[in-house]
Amino acid sequence: LDMVHRVKAEFMVPTFVYQVSGEFAMLNAAFQNGWLDESRCVLESLLAFKRAGADAVLTYFALDAAEQLRG
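According to the working numbering, the sequence shown is numbered sequentially starting from 14.
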């Protein structure tokens with residue numbers, strides 16, 4: 014996230030991030046073990062990218078996030 018912020022501040026261009034499959038797998042394991050609340054954690058992880066300066070996020074959670082945001 015620090016790098017996203019620095020790239021955005023330094024170059025002032027549209028900045029895209031990709032939530033890698035390893036992070037996706039790690040979060041899913043935590044959800045399945047009951048360690049994290051999936052509905053809260055998915056959106057929070059995406060919001061962290063936006064707060065860092067990302068203009069768009071490519072993620073395996075896209076469908077889940079869209080369903081949550083749709084309500």
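We treat Cβ as the ideally placed atom computed from N, Cα and C, and that holds for glycine. Computed from a predicted model, the values in this text were never measured in an experiment.
Margin query: Taking the alpha-carbon of Ala10 as reference, which of Tyr73, Glu23, Gly84 has the nearest alpha-carbon?
Written below: Residue 10 is absent from the model: the chain starts at 14 and stops at 84.
Checklist line | Residue burial classification, Ala42 (beta-carbon count within 10 angstroms, cutoff 16) | finding: The residue labelled residue 42 in the question sits at position 29 within the sequence shown. By the neighbour-count rule (16 or more Cβ atoms within 10 Å), Ala42 is not buried but exposed.
Notebook entry, point to check: Would you report the Cα separation of Asp1 and Gly84, rounded to the nearest angstrom?
Noted result: Absent from the model: residue 1. The displayed extent of the chain is 14 to 84, so no value can be given.
Next item on the list: Only counting runs of 3 or more residues, tell me where the beta strand (DSSP E) segments fall wholly within the segment 14-69, in order along the chain.
Entry: Listed in chain order, the complete beta strand (DSSP E) runs (minimum 3 residues) inside the segment 14-69 are 29-31.
Checklist line | Inter-residue spacing [alpha-carbon to alpha-carbon] between Ser34 and Phe44 | finding: In the sequence shown, counting from the first residue as 1, residue 34 sits at position 21. In the sequence shown, counting from the first residue as 1, residue 44 sits at position 31. Computed Cα separation, rounded: 15 Å.
Note to self: Is the separation between the beta-carbon of Val30 and that of Val55 shorter than 8 Å?
What the structure shows: Residue 30 sits at position 17 when you count from the first residue of the sequence shown. Residue 55 sits at position 42 when you count from the first residue of the sequence shown. Taking C-beta atoms as the reference points, Val30 and Val55 fail to come closer than 8 Å.
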